[in-house]
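Engineer: Sequence order for the protein chains is A and B. Per UniProt numbering, the first sequence starts with residue 1, numbered consecutively. Per UniProt numbering, the second sequence starts with residue 1, numbered consecutively. Before I ask anything, let me first share the structure, which is written out below as structure tokens.
2 protein chains.
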Amino acid sequence: MSSQRATAFVPGHVTAFFSAHPADDPAVAGSRGAGVTLADGVTVRVSAADVAADGATGDAAAADAAAAAATADSGSRTIDGDRGSIGAVEDVLADLNATGADVAVETDLPIGAGFGVSGAAALGAALAANAAFDRGRSENDLVRTAHAAEVGRGTGLGDVVAQARGGVPVRLEPGAPGVGELDGVPASARVEYVTFDELSTEEVLGGDTTALSAAGEAALDRLRADPRLPTLMDAARGFARDADLLVPEVAEAVDAVDAAGGEAAMAMLGRTVFALGTGLSDAGYEPRACRVDAAGARLVDDRDRG
Amino acid sequence: MSSQRATAFVPGHVTAFFSAHPADDPAVAGSRGAGVTLADGVTVRVSAADVAADGATGDAAAADAAAAAATADSGSRTIDGDRGSIGAVEDVLADLNATGADVAVETDLPIGAGFGVSGAAALGAALAANAAFDRGRSENDLVRTAHAAEVGRGTGLGDVVAQARGGVPVRLEPGAPGVGELDGVPASARVEYVTFDELSTEEVLGGDTTALSAAGEAALDRLRADPRLPTLMDAARGFARDADLLVPEVAEAVDAVDAAGGEAAMAMLGRTVFALGTGLSDAGYEPRACRVDAAGARLVDDRDRG
């Protein structure tokens, strides 16, 4: 029994602080740290190529793009309607024997700005491809596959497991389900964010992360002793400073929010500032806003969305 | 910093099958098995007694009930607007030093019918009391507290950890966070249910559970080998039969759904049948319907609800 078509939603994730824990086995590799998942996220639609080709979607533009990008060996790949692929998504599809599928990734989040879009796309592809092709994998299996793909591509270490959980995830131990360990800060909050420019995750994670990881461990100890949102934000600011990752525009915005009585920090790794409540608005910025995502990654009923 | 008032929502949970794993330490005790969490659930509102007493809620009936039930040592307790308390909720409040709070439990689910209402109320009270009184506990801590209270009262073994996760939780190993282990069947589905009468969880769990647990382990092995919803339903039917828990009205409904081409099973432990999609409607019943809950237990913004 195969539904031939499925859609998944995965929340964005801004990392507040982290320590890097590389390992040969990508399911064991990962990061410790904490962050906030966002109701703004990534939607991934997967369909068997022949289903899309019959035009039953009624979406002429998508069908055209699909036809344009399709090859003999793999289906079409689009990102926000334009032809494009993501390495970790391809690895997930290969693992699920679903490279022939048409895969459409859609997001309102900025890409390469610290929102974990690549991890979200990989996890969404895993959930949707498993459902569309009825592969019969469990949730832990699918999270493990997406985590391994993301780690293998060097584009992230902890976004996938955090995005699978939702809320305000705390990564107590690094790694995929069955290896890593998670907790969470219980919180429902409005989050604002502003992005200035891109920052390469691969570049930072590929360098010497010793000092960064020491700062990340110290921040995690603080949050575990007091798992509250204001403590998370303060630990994030300390981490950015100690790990020497602050960039001028971000530092300026964090200071402006603080001066206006709010709580802001830098999203790791991006030239992005996120704030609780109306922190950035109060400081005179024009941020985008959403809420903490309560659910984590999930299949969505095609009747519910688009 | 205390918000003085907070609300949590916890999904209902129908257990498909389980094995019982008692232990002296209630965080270690629990069950293995699987079930389905429901978007129909339990809402718990917690407020510091003096906040409710000032009438700022604008809910005159609730304020009256609160005043009626309040004592010197503990705040008011209501269940669906009527005075009433739940043992596991009281234990959670004591653990959080919040017995003075006014606590209102609201649910559309039948009580004592296999939906995990007591566990949901305990977990909702933990989340909401922690937020209202700013106790600074982590999510795992709060789940652990509610799980221990539920196990201690003998009203459930696995609902709390399942309700914390949401979706279609598979309890691989029994116990609270840090001890137990969870997976999930990735699925978004409509669920229908009909309840015939109450069944005492305490009575069944208090008896000899050897045969029941053997049947539960066999069902779990089947689901782990094939984590799909139809397999879960089939394993649930086998469990109810092998554990000799089927009651006549339930057996009749399950057979009727099967005859109509659908998938149904008994909710453990209640005189309740649940079915996928429109299974019960198709068989001529007049069920209540909701969807699988994607999020699990969560704080809800008071601006969002009520």
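Glycine is no exception: its CB is placed at the ideal position from the N, C-alpha and C atoms.
Strictly below 7 Å CB to CB, what residues from chain B border D95/A?
Structural biologist: Those do not exist, as D95/A stays about 15 Å from chain B at its closest Cβ, beyond 7 Å.
Engineer: So what's M1/B in DSSP terms, helix, strand or just coil?
Structural biologist: Interpretation of M1/B is limited by its pLDDT of 43, a score under 50 that renders its predicted location unreliable; no figure is taken from the coordinates.
Engineer: Run through the DSSP bridge pairs and tell me what H21/A is partnered with.
Structural biologist: Per DSSP, G30/A.
Engineer: Looking at chain B, is there any beta carbon in it that lies within less than 8 Å of the beta carbon of L127/A?
Structural biologist: So, interface residue.
Engineer: Verify the CB distance criterion: does A48/B have a CB-CB separation below 8 Å to chain A?
Structural biologist: Chain A contact via Cβ: absent.
Engineer: What are the residues of the segment 254-283 of chain A that lie near chain B, defined by any Cβ-Cβ distance shorter than 9 Å?
Structural biologist: Listed by position along the chain: nothing, the set is empty.
Engineer: Looking only at DSSP bridge pairs, what is residue 323/A linked to?
Structural biologist: The first residue shown for chain A is 1 and the last is 306, placing residue 323/A beyond what the model contains.
Engineer: Got a sec: is the Cβ-Cβ distance from P248/B to anything in chain A below 8 Å?
Structural biologist: With 8 Å as the cut-off, P248/B does not count as an interface residue toward chain A.
Engineer: Would A294/B count as contacting chain A if we go by Cβ distances under 8 Å?
Structural biologist: With 8 Å as the cut-off, A294/B counts as an interface residue toward chain A.
Engineer: Take S281/B as the anchor and find which of A295/B, A121/B, L229/B, V194/B has the nearest alpha-carbon.
Structural biologist: Measuring from the Cα of S281/B, the nearest candidate turns out to be V194/B.
Engineer: Measuring only the C-alpha atoms, how far is A283/A from G136/A?
Structural biologist: Each residue's alpha carbon lies about 49 Å from the other.
Engineer: Is it buried or exposed, E139/B, if we count other Cβ atoms within 10 angstroms and call 16 or more buried?
Structural biologist: Buried.
Engineer: Could one say the Cβ of E106/A lies closer than 8 Å to chain B's Cβ atoms, at least one of them?
Structural biologist: So, not an interface residue.
Engineer: Let me confirm a value: A6/B is counted as buried when at least 16 other C-beta atoms fall within 10 Å, else exposed. Which label applies?
Structural biologist: The residue is buried, with at least 16 neighbouring Cβ atoms inside 10 Å.
Engineer: Buried or exposed, going by whether 16 or more other CB atoms sit within 10 Å of the CB of P248/A?
Structural biologist: Per the 10 Å Cβ criterion, exposed.
Engineer: Tell whether a beta-carbon distance below 8 Å holds between R165/A and G180/A.
Structural biologist: For R165/A and G180/A, no; Cβs fall outside 8 Å.
Engineer: So for G35/B, helix, strand or coil by DSSP?
Structural biologist: Here G35/B sits in strand by DSSP.
Engineer: Against chain B, which members of the segment 173-199 of chain A pass a CB distance test of less than 9 Å?
Structural biologist: Going along the segment 173-199 of chain A in chain order, one finds P177, G178, E181, L182, D183, G184, V185, P186, A187, S188, A189, R190 with a Cβ nearer than 9 Å to chain B.
Engineer: Pull up the CB-CB distance for T209/A and A23/A, whole angstroms please, since I reckon it's below 8 Å.
Structural biologist: The Cβ separation is near 13 Å, so there is no contact.
Engineer: Within 8 Å of any Cβ in chain B, is that where the Cβ of V170/A sits?
Structural biologist: Closer than 8 Å to some Cβ of chain B, the Cβ of V170/A qualifies, so yes.
Engineer: Along the alpha helix (DSSP H) that carries L93/B, what are the first and last residues, could you check?
Structural biologist: Segment 87-95, the alpha helix (DSSP H) holding L93/B.
Engineer: Taking the alpha-carbon of V168/A as reference, which of L232/A, D91/A, M268/A, T272/A has the nearest alpha-carbon?
Structural biologist: For V168/A, the nearest C-alpha among the options comes from L232/A.
Engineer: Quick one: is R228/B near chain A, going by C-beta distance under 8 Å?
Structural biologist: R228/B counts as touching chain A.
Engineer: Verify the CB distance criterion: does A131/B have a CB-CB separation below 8 Å to chain A?
Structural biologist: So, interface residue.
Engineer: Pairs of beta-carbons, one from the segment 77-94 of chain B and one from the segment 290-297 of chain A, closer than 8 Å: are there three or more?
Structural biologist: Segments in contact, no.
Engineer: Which partner residues of V292/A appear in the DSSP bridge assignment?
Structural biologist: Note: V292/A sits in a beta bridge opposite L38/A.
Engineer: Counting only beta-carbon separations shorter than 8 Å, does V161/A have a partner in chain B?
Structural biologist: No, V161/A lies away from the interface with chain B (no Cβ there is under 8 Å from its Cβ).
Engineer: Please list, in chain order, the chain B residues whose beta carbon lies closer than 9 Å to that of E217/A.
Structural biologist: Under the 9 Å cutoff, chain B gives no residues; its nearest Cβ is about 17 Å from E217/A.
Engineer: Give a yes or no on whether 8 Å exceeds the smallest Cβ distance from R288/B to chain A.
Structural biologist: Taking Cβ atoms only, chain A never reaches closer than 8 Å to R288/B, which makes this a no.
Engineer: To the nearest angstrom, how far is it from the Cα of G279/A to the Cα of G116/A?
Structural biologist: For G279/A and G116/A, the distance between alpha carbons rounds to 22 Å.
Engineer: Quick check: the Cα distance between E263/A and A122/A, rounded to an integer number of angstroms?
Structural biologist: Cα to Cα, E263/A sits roughly 31 Å from A122/A.
Engineer: Distance check for Q4/B and F133/B, CA to CA, integer angstroms please.
Structural biologist: Whole-angstrom Cα-Cα distance: 6 Å.
Engineer: Expressed to the nearest angstrom, what Euclidean distance is found between the alpha-carbon atoms of G41/A and A148/B?
Structural biologist: Going by the C-alpha atoms only, they are around 35 Å apart.
Engineer: Please state if the CB of F274/A and the CB of V10/A are separated by a distance shorter than 8 Å.
Structural biologist: No, Cβ-Cβ distance for V10/A and F274/A is not below 8 Å.
Engineer: Taking C-beta pairs closer than 9 Å, name the residues in chain A that L142/B reaches, listed in chain order.
Structural biologist: What L142/B touches in chain A: P186.
Engineer: For a contact meaning CB atoms closer than 9 Å, what does R45/B contact in chain A?
Structural biologist: In chain order: nothing, as chain A lies at least about 14 Å away.
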